[in-house]
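In full-length UniProt numbering, the protein residues as written are 1 to 150.
Using N, Cα and C, we set each Cβ at its ideal position, and we do this for glycine too.
Input: a single structure, listed below in structure tokens.
Here you go:
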């Protein structure tokens, strides 16, 4: 058998094993009353293979009402929502590996970082922060996260 044939056979075997592994994964939706309900057809988070993928959280109360007040209060609520969802999923803020933040005004970047630093002082996950033209429901900040289970 040639090197190419052996390599192709090995690649096909690996592909089959990945496919079998993928089919055996359990995908579990996460839902808590301690964070706002999903605003459309999606889950607050999904657990799979020891990871928790938290959908974008916006500054709404657990009852689904907009947070009034200044930007720091809205940013704080977003992080509190992520925290509540992670706790429901047997995780926590200290288990986050990646965060994506979306701001409609980059002038709020420093204010967001001040709030963020209260929660992520010692544990500092990988993070991206991007400016977007607008966000759902007219909010000015959204955050999504990927974490591992306890």
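query                                                                                                                                                         : result
Spell out the partners DSSP gives residue 86 in its beta bridges.                                                                                             : Per DSSP, none; premise fails for residue 86.
Is the distance from the Cβ of residue 108 to the Cβ of residue 71 below 7 Å?                                                                                 : yes
Under a three-way DSSP split, which group does residue 100 fall into?                                                                                         : strand
Alpha carbon to alpha carbon, what distance is there between residue 40 and residue 48?                                                                       : 21 Å
Is it right to say residue 81 is buried, meaning 16 or more other beta carbons lie within 10 angstroms of its own, or is it exposed?                          : buried
Can you name, in chain order, every residue of its own chain whose Cβ lies under 8 Å from the Cβ of residue 141, other than the five neighbours on each side? : 58, 59, 71, 74, 75, 78, 101, 102, 103, 104, 108, 112 and 135
Express the C-alpha separation of residue 133 and residue 167 in angstroms, rounding to a whole number.                                                       : As displayed, the chain neither begins before 1 nor continues past 150, which places residue 167 out of reach and without an answer.
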